[in-house]
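Participant:
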Amino acid sequence: MENYIAELMTLAQTCDCGNHHHPIPIERIKIGNSDYKELAAYVECKGFKHAVIIADENTYQAAGKSLSEILKETGINISLSIIKPDENNDVVADEQSLVQALLDIPLDTEIIIAVGAGTLHDIARFCSTKMKLPFISVPTAPSVDGFTSMGAPLIVKGVKTTFQMSAPIAVFADLSVLKASPRKMVAAGFGDMLAKFTSLADWKFGHLVMGEPYCPLVAAITREALDSCVEKVNLIAAADEEGIQILIESLIKSGLAMLIFGQSHPASGGEHHLSHYWEMDFLKRKRSAVLHGAKVGVSTVLLAEVYKEQFLPLLSESIRLGSIQDSLINEDLQDNIKEIMKVYQEIPAPEHLKNLLTATGGEIMPEQLGIDEQLVAASLSGAHTLRNRYTALKFMNVAVESSPLLRR
101 MENYIAELMT LAQTCDCGNH HHPIPIERIK IGNSDYKELA AYVECKGFKH AVIIADENTY
161 QAAGKSLSEI LKETGINISL SIIKPDENND VVADEQSLVQ ALLDIPLDTE IIIAVGAGTL
221 HDIARFCSTK MKLPFISVPT APSVDGFTSM GAPLIVKGVK TTFQMSAPIA VFADLSVLKA
281 SPRKMVAAGF GDMLAKFTSL ADWKFGHLVM GEPYCPLVAA ITREALDSCV EKVNLIAAAD
341 EEGIQILIES LIKSGLAMLI FGQSHPASGG EHHLSHYWEM DFLKRKRSAV LHGAKVGVST
401 VLLAEVYKEQ FLPLLSESIR LGSIQDSLIN EDLQDNIKEI MKVYQEIPAP EHLKNLLTAT
461 GGEIMPEQLG IDEQLVAASL SGAHTLRNRY TALKFMNVAV ESSPLLRR
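Those letters in the sequence shown? Residues 101 to 508, per the working numbering, in order.
#1: Can you list, in chain order, the residues of its chain whose CB lies under 7 angstroms from that of T219, leaving out five sequence neighbours each side?
#2: Based on the DSSP secondary-structure assignment, which residues constitute the bridge partners of S181?
#3: Grab the span of the alpha helix (DSSP H) containing S168 for me, first residue to last.
#4: For I447, name the three-state secondary structure that DSSP assigns.
#5: Identify the continuous alpha helix (DSSP H) that holds R128 and give its terminal residues.
#6: Could you please give the first and the last residue of the uninterrupted alpha helix (DSSP H) stretch that includes K408?
#7: Could you work out which residue in V215, K284, S418 is closest to D274 when comparing CA atoms only?
#8: Return yes when the Cβ of V309 is within less than 7 angstroms of the Cβ of L433, no when it is not.
#9: Mapping DSSP to helix, strand and coil, what is L486?
#10: At 3 residues or longer, what runs of the beta strand (DSSP E) sit wholly inside the region 178-250?
#11: Determine contact between the region 374-390 and the region 275-284, defined as no fewer than three beta-carbon pairs at a distance below 8 angstroms.
#12: Applying the 10 Å Cβ sphere with the 16-neighbour rule, what's the burial state of S427?
#13: When you compare only the Cα positions, how much space is there between L550 and L415?
#14: Quick one: Cα of L506 to Cα of P450, how far?
#15: Does the Cβ of E157 have 16 or more other Cβ atoms within 10 Å, making it buried, or fewer, making it exposed?
#16: Considering only DSSP beta bridges, list what D274 is partnered with.
#17: Out of M231, L469, D222, Q196, state which residue places its alpha-carbon closest to the alpha-carbon of E210.
#18: Buried or exposed: L359, going by 16 or more other Cβ atoms within 10 Å of its Cβ?
#19: Which two residues bound the contiguous alpha helix (DSSP H) that contains Q345?
#20: By the three-class DSSP mapping on this structure, what secondary structure does P313 have?
#21: By alpha-carbon positions, which one of L356, F148, L167, P282 ends up nearest to I154?
#22: Please report how far the alpha carbon of V286 lies from the alpha carbon of I346, in whole angstroms.
#23: Give me the DSSP bridge partner(s) of F263.
#24: Is the region 355-372 touching the region 241-249, taking contact as three or more C-beta pairs under 8 angstroms?
#25: Taking the C-alpha atoms as reference points, what is the distance between Q196 and C115?
#26: Quick test of your reading: D245 and L351, contact by CB under 8 angstroms. State the CB separation rounded to the nearest angstrom.
#27: I need the straight-line Cα distance from H150 to P234, nearest angstrom please.
#28: Would you call G289 buried or exposed, if buried means 16 or more other Cβ atoms sit within 10 Å of its Cβ?
#29: Looking at the ligand FMN, does it come within less than 6 angstroms of H376, judged from the CB to the closest heavy atom?
#30: Quick test of your reading: L480 and T400, contact by CB under 8 angstroms. State the CB separation rounded to the nearest angstrom.
#31: For L119, collect the residues of the same chain with a Cβ closer than 6 angstroms to its Cβ; drop the 5 residues on either side in sequence, then sort them by chain order.
#32: What residue range is occupied by the uninterrupted alpha helix (DSSP H) comprising Y160?
#33: What did DSSP end up calling R508 once you bin it into helix, strand or coil?
#34: What is the residue span of the alpha helix (DSSP H) that F382 lies within?
#35: If distances are taken between C-alpha atoms only, which option among E107, A140, M441, E467 comes closest to V271?
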């Protein structure tokens, strides 16, 4: 995908959206088989002699062990940081895991290698930034779109917050390892991509209504990655090599889009805010974690239904009544009402989204994840406060709160 990176940078340089486009610091992205020998050659070529692998017990067995042996054969000194699970046997990116990783990394380390899925990459990304060391991404499952991004969602004092950290200098994804990952992680990756239907709509809404920064190029990159997954859902569901390659490439492209834009807007809207709310509730109750992609897949279905059955009628009614207190927002809503309506009408029907998720083995209802009606209701009224983004979910809550007419 090196040519793809060069193509993106050329497009970014000619984009006239007015936003700053961040350079892509990733030197290599290799997706194929026997990639770990190429990784070792890359590390040797860079002149690194001391590396640390950050993994957990499962990802170490899946890829870290063989990678470690290959690196040692190349003459690289290897240290390990095997992140310990919490009391629920979950590996989470919280203060304990971050401190463990920092303590495990020797002072002579020159390169960090993240071996795992999203959580382990977030831990490695944090350590990379704080220790001013480069890191290499080694995905072991096609489960999230954060492998190439700068954002690191971390749990600090029980609150899920995304911090802008470092992008990897290289990505090596071995298809044989990805194909062998649990099917639930493949479904989670597909769910994370499906979430772009609502995140892209919310991003455009925030731009049209509140003037939040927006880039058509980044939106197009994200949408192209999303469409690739939807078009090839049967191949992904079959978990054959072509389907897995399409999924991991789409997840990486989504991450590159966020990297260019410098923020997670294109890939994270109201559906992610719902997911974060649910995750924080699970943490407070000391319940076992649920895969990120599984949560956002379910929240995308939920939000698609809410937006079509409640938001669009509410939007029409609020404009008719002129009920929004902020005159600027009201004016922008009226000026862009047709485009806003079109954006949300184009989100696929909830039943279609359910069928896509079901095909990959993903969950489609909150209760399948242990999320009850009370938590769903609480998240729909409170999740919009977790991020400073003007999504349709936030509009629904703000509009109703500000208008006695709409509360009726």
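Glycine included, each C-beta is placed from N, C-alpha and C at the ideal position.
Facilitator: Taking the structure as given:
#1: V191, V192, A193
#2: I154
#3: Looking at the DSSP string, the run of the alpha helix (DSSP H) that includes S168 is 165-173.
#4: coil
#5: For R128, there is no enclosing alpha helix (DSSP H); the residue is part of the beta strand (DSSP E) that begins and ends at 128-132.
#6: Where K408 is concerned, there is no enclosing alpha helix (DSSP H), given that its DSSP letter is neither H nor E.
#7: V215
#8: yes
#9: coil
#10: 211-216, 235-239
#11: The region 374-390 vs the region 275-284: no contact.
#12: Per-residue confidence for S427 stands at a pLDDT of 48, beneath the threshold of 50, marking its modelled position as unreliable; the derived number appears in the next sentence. Label assigned to S427: exposed.
#13: Because the chain here runs from 101 to 508, residue 550 falls outside it and cannot be looked at.
#14: A caution first: L506 carries a pLDDT of 45, below 50, which makes its placement in the model unreliable, though a value can still be read off. C-alpha separation (whole angstroms): 25 angstroms.
#15: exposed
#16: BP columns for D274 point to G132.
#17: M231
#18: buried
#19: 341-361
#20: coil
#21: L167
#22: Just so you know, the alpha carbons of V286 and I346 end up roughly 11 angstroms apart.
#23: A252
#24: At 8 angstroms Cβ cutoff, the stretches touch.
#25: 42 angstroms
#26: 4 angstroms
#27: So the alpha carbons of these two residues sit roughly 12 angstroms apart.
#28: buried
#29: In the structure shown, the ligand FMN is absent, as is every other ligand, since no ligand is present at all.
#30: That pair is no contact at about 14 angstroms.
#31: Rather than Leu, the amino acid found at residue 119 in this sequence is Asn. P313, C315.
#32: Element bounds for Y160: n/a, residue is neither H nor E.
#33: Residue placement at R508 cannot be trusted, given a pLDDT of 42 that sits under 50; the coordinates are not used to answer.
#34: 370-384
#35: A140
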